[in-house]
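I have placed the structure first, in the form of structure tokens, so that the comments after it can refer back to it.
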Amino acid sequence: MTKNTFPASNNNEQEQLLLKAKISLLQQELNDIEQKTNAFEVILRSHLTNELIEEQELTVLYKKVQLAKKEKRFAQKRKGKNFKEIEGLKVIAKNNVSAINEGDQKEIKRLYREAMLFVHPDKFSMHHEKIDLATEVTTKLIEIYQSGNLAELQIFHKHIFSGNAMMHFPEISENNGNLKEDSYLQKEVEKLEKQLVAAKAKLTYKVLIEYENPLTFIDELKEYYNDRIFKLKKRTRKANLYDL
């Protein structure tokens with residue numbers, strides 16, 4: 093070993109310390125951004141609860157109508173040109189909540205609304221393509237709510253709030269159990285950097301740092317959701333023609 097050469101172990105330790113310090117700073121910055129964004133979204137949610145829930149319910153209904161139309165066209169194709177519409181169309185079944193005692197009704201409604209608001213992580217993006225990611229969970233939630241089964245709703249509510257109902261970023265398993273610590277730390281840095289980029293790109297955070305008065309965003313969201321609801325109502329106005 094030459095006079096100016098340091099042991100490799102010292103270099104590795106120094107590199108690990110630097111990576112750990114970077115991880116700490118990135119995590120701190122990410123936590124700060126997420127806390128501010130979450131607090132702002134709580135305010136937005138309090139002003140848009142009804143619109144958010146109605147838009148999700150109509151989105152699910154619209155998808156059911158589209159599926160019913162597709163199935164109907166397929167049935168017509170199989171039966172040929174002489175196929176005739178059957179008279180006496182079925183009406184959507186009403187939910188069974190009204191048949192339950194008042195205390196349970198209130199609890200069912202509370203759990204349902206809480207879960208509906210929690211289902212979509214990026215509910216204020218104004219990009220309905222992203223909102224559609226949770227349609228399957230929303231559909232199941234509506235079905236349980238309409239059944240009036242409080243016990244089942246409590247279980248599904250807990251499942252949603254555990255974060256297991258929707259996993260947008262699945263964990264990648266490592267098969268090699270002998271990964272070096274610096275390799276693991278580097279991966280942590282890369283993961284946090286990606287999360288930080290995503291957190292800063294979130295529309296609600298941009299509103300917070302770019303708008304002179306971020307609360308004016310509430311009016312923009314109300315206009316967006318009212319327009320979405322209006323369009324979805326038009327598209328689902330004949331939903332009672334299908335057994336949905």
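Quick note on our numbering: the sequence shown kicks off at 93 and runs consecutively.
Where is the CB? At the ideal position from N, CA and C, for every residue including glycine.
Spatially closest choice to residue i from the options, by CA coordinates
i: E121; options: L313, Q108, E163, A290; result: A290
i: K314; options: K330, K171, N142, F248; result: N142
i: I192; options: Y154, A243, A167, K161; result: A243
i: T231; options: E147, Q168, A167; result: E147
Inter-residue Cα distance where the pair is residue i and residue j
i: Q278; j: N123; result: 19 Å
i: V299; j: Y316; result: 15 Å
i: T227; j: S239; result: 18 Å
i: Q287; j: K294; result: 11 Å
i: I310; j: H139; result: 7 Å
Cβ-Cβ separation, residue j to residue i (assumed contact under 8 Å), whole Å
i: L118; j: L284; result: 4 Å
i: K292; j: I145; result: Going by Cβ atoms, the distance from K292 to I145 rounds to 29 Å, so no, they are not a contact pair.
i: L150; j: I321; result: 6 Å
i: V157; j: A331; result: 5 Å
i: E280; j: I115; result: 5 Å
Counted within 10 angstroms of its Cβ, other Cβ atoms place residue i as buried (16 or more) or exposed
i: E133; result: buried
i: R329; result: exposed
i: L159; result: exposed
i: I200; result: buried
i: L324; result: buried
i: L307; result: exposed
i: I252; result: buried
Beta-carbon contacts of residue i that lie in its chain and below 6 Å, excluding the five residues immediately before and after
i: F248; result: I236
i: D319; result: none
i: A185; result: Low confidence applies here, because A185 scores a pLDDT of 46, under 50, leaving its location unreliable and the question unanswered by this model.
i: L233; result: A207
Contacts around residue i, its chain only, beta-carbon distance under 8 Å, and the 5 residues preceding and following it disregarded
i: R205; result: T141, I145
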